[in-house]
Amino acid sequence: MEVQRTILENMKNAELLRLAQSMKIPLVSRTITRTVLIDSIWAKLEEHLEEKESESVSLCSPALKLKNIRKEFGKKVAVKNLDIEVNPGEIVGLVGPNGAGKTTTLRILTGIISATEGQCAVNGHDIVDSPIDAKFRLGYIPEKPTCYPSLKVREYLSFVAKIYKVNRQDAIIRMSYYMDLFNLRQFENNYIGTLSKGNLQRTLIVGILVRSPPFILALDEPIYGLDPRGAWTLKALLRKMRNEGSAILVSTHILEVASGLCDRFVIMNEGDVVGKGTLKELMKENPGATTLEEVFLMLTGGLPE
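My numbering puts the first residue of the sequence shown at 13, with every later residue one more than the last.
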């Protein structure tokens, strides 16, 4: 409740007016002060929040499930007999060197490409048999961010909210909050095609967060292009969402990011899973390793001399 009130107080006047209109708050006075407008919205919003709190939003356990995944590109086997489960309330790191099969795995999970063998499910929905239901629950950021270059940032975020059937007042509040959090406010009227890599990444991040939590996320190199402040903000936010019951799969070859963020790890090398478990479990299975980096090197070719 306190956070929501703070969001209102940080909104622009134009956003407050849009929010009031979406909530059908009558604005009968010729002039209205900002404080009175915020109070009117808040009174109406409290009723909305109470209704939302009474709604039970739950995720399946596991929220993400990949079973016996195999992917062949001609004679090349990119992924071999892969099993991954991600439960609500945890962040799982999919780590490996370049070409290990991480991005291919996420592209299969999201339905961009089909597995040669095996099954993928998002919140209990098979990505092949029920693709709309599965994708509706999944937030995905690709390794190389792409988007609609002819849309402005705010237009894109509004479009995403409509696609995922987010009601207008929730969309306005979340867009405002996350644009401020990721320093996107100054770019909201810029065309996406003119954004830097970092600001494009921030836009995609805000886009997947316009929907209602808890989240199911598949993030491929999510720190890509972010400056240190943006990276810190994202990592802190992912931990917060994990603690609130979201299920998050993060693919990365940046071991510092994985080590400080993930609860469990799946280590891939040349399409094979060569290690699984918590850092403590992985170090126990690989005597002499004291860090994730050392475990990783031992499992993917040995420690350099």
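For every residue, glycine included, the Cβ atom is placed at its ideal position computed from N, Cα and C. If you're wondering where the values come from, they're calculated on a predicted model, not measured in any experiment.
message: Within 8 Å, do at least three Cβ pairs link the region 148-167 to the region 238-245?
response: As far as the Cβ criterion goes, the region 238-245 does not touch the region 148-167, which means the pair count is below three.
task: Just mark residue 255 as buried or exposed, buried being the case when its beta carbon has 16 or more other beta carbons within 10 Å.
output: Residue mapping note: residue 255 aligns to position 243 of the sequence shown, counting from 1. Per the 10 Å Cβ criterion, exposed.
field: Supposed close pair residue 118, residue 263 - CB separation, criterion 8 Å
entry: Along the sequence shown, one-based indexing puts residue 118 at 106. Along the sequence shown, one-based indexing puts residue 263 at 251. Right, the Cβ-Cβ distance comes to about 6 Å (below 8 Å), so this counts as a contact.
message: Please classify residue 285 as buried or exposed, where buried requires at least 16 neighbouring CB atoms within 10 angstroms.
response: Reading the sequence shown from its first residue, position 273 is the one you call residue 285. With a threshold of 16 other beta carbon atoms within 10 Å, residue 285 meets it and is buried.
query: Exposed or buried, residue 225, counting other C-beta atoms within 10 Å across all chains shown (16 or more means buried)?
result: Taking the sequence shown and counting its residues from 1, the one referred to as residue 225 is at position 213. By the 10 Å Cβ count, residue 225 comes out exposed.
Under 8 Å between C-beta atoms of residue 73 and residue 99: For the purposes of this step, residue 73 is identified with residue 61 of the sequence shown, where counting begins at 1. For the purposes of this step, residue 99 is identified with residue 87 of the sequence shown, where counting begins at 1. Taking C-beta atoms as the reference points, residue 73 and residue 99 count as a pair closer than 8 Å.
query: Which first and last residues belong to the beta strand (DSSP E) in which residue 152 is found?
result: To locate residue 152, count along the sequence shown from 1; it is residue 140. Residue 152 -> beta strand (DSSP E) spans 150-153.
query: For residue 108 versus residue 298, is the C-beta spacing smaller than 8 Å?
result: If you number the sequence shown from 1, residue 108 lands on position 96. If you number the sequence shown from 1, residue 298 lands on position 286. No, they are not a contact pair.
task: Tell me whether residue 215 is buried or exposed, calling it buried when 16 or more other Cβ atoms sit within 10 Å of its Cβ.
output: As a position in the sequence shown, residue 215 is number 203, starting the count at 1. Buried.
- request: Below 7 Å CB to CB, which residues in the same chain sit around residue 172 once its five sequence neighbours on both sides are set aside?
  value: Here the question's residue 172 lines up with position 160 in the sequence shown. Only 219, 222 meet the Cβ criterion.
field: the region 128-148 in contact with the region 196-216 per 3-pair CB rule at 8 Å
entry: Fewer than three Cβ pairs drawn from the region 128-148 and the region 196-216 lie within less than 8 Å of each other, which leaves the two stretches out of contact.
message: If contact is defined by three or more beta carbon pairs under 8 Å, each pair taking one atom from either stretch, is the region 50-58 in contact with the region 241-252?
response: Inter-segment contact for the region 241-252 and the region 50-58 is absent: fewer than three beta-carbon pairs are separated by less than 8 Å.
message: Taking the straight line between their C-alpha atoms, what separation do you get for residue 185 and residue 217?
response: Your numbering for residue 185 matches position 173 in the sequence shown. Your numbering for residue 217 matches position 205 in the sequence shown. Rounded to the nearest angstrom, the two C-alpha atoms are 16 Å apart.
task: Please confirm if the region 132-143 is in contact with the region 70-85, defined as three or more CB-CB distances below 8 Å between the two stretches.
output: In short, these stretches touch, since the Cβ pair count reaches three.
Proximal residues to residue 306 (C-beta, below 6 Å), its chain only, five neighbours per side dropped: Position 294 of the sequence shown, counting from 1, holds the residue named residue 306. The answer is none, since no qualifying residue turns up.
query: If we count the other Cβ atoms within 10 Å of its Cβ and call it buried at 16 or more, is residue 122 buried or exposed?
result: Position 110 of the sequence shown, counted from the first residue, corresponds to residue 122. When all chains shown are included, residue 122 counts as buried.
- prompt: Under the three-state reduction of DSSP, which class applies to residue 255: helix, strand or coil?
  reply: Taking the first residue of the sequence shown as position 1, residue 255 is located at position 243. Of the three classes helix, strand and coil, the one that applies to residue 255 here is helix, per DSSP.
message: If you reduce the DSSP assignment to three classes, tell me which class residue 282 lands in.
response: Along the sequence shown, one-based indexing puts residue 282 at 270. In the three-state reduction of the DSSP assignment, residue 282 falls in the coil class, being assigned neither a helical nor a strand state.
message: Measuring straight from C-alpha to C-alpha, what distance separates residue 23 and residue 188?
response: As a working note, residue 23 is residue 11 in the sequence shown. As a working note, residue 188 is residue 176 in the sequence shown. Those two C-alpha atoms are separated by around 7 Å.
- prompt: Is DSSP giving residue 190 helix, strand or coil here?
  reply: Against the sequence shown, residue 190 aligns to sequence position 178. Under the three-state reduction of DSSP output, residue 190 falls in the helix class.
- prompt: Measuring CA to CA, which of 190, 235, 283, 212 is closest to residue 116?
  reply: Against the sequence shown, residue 116 aligns to sequence position 104. Residue 116 has its Cα closest to that of 283, out of 190, 235, 283, 212.
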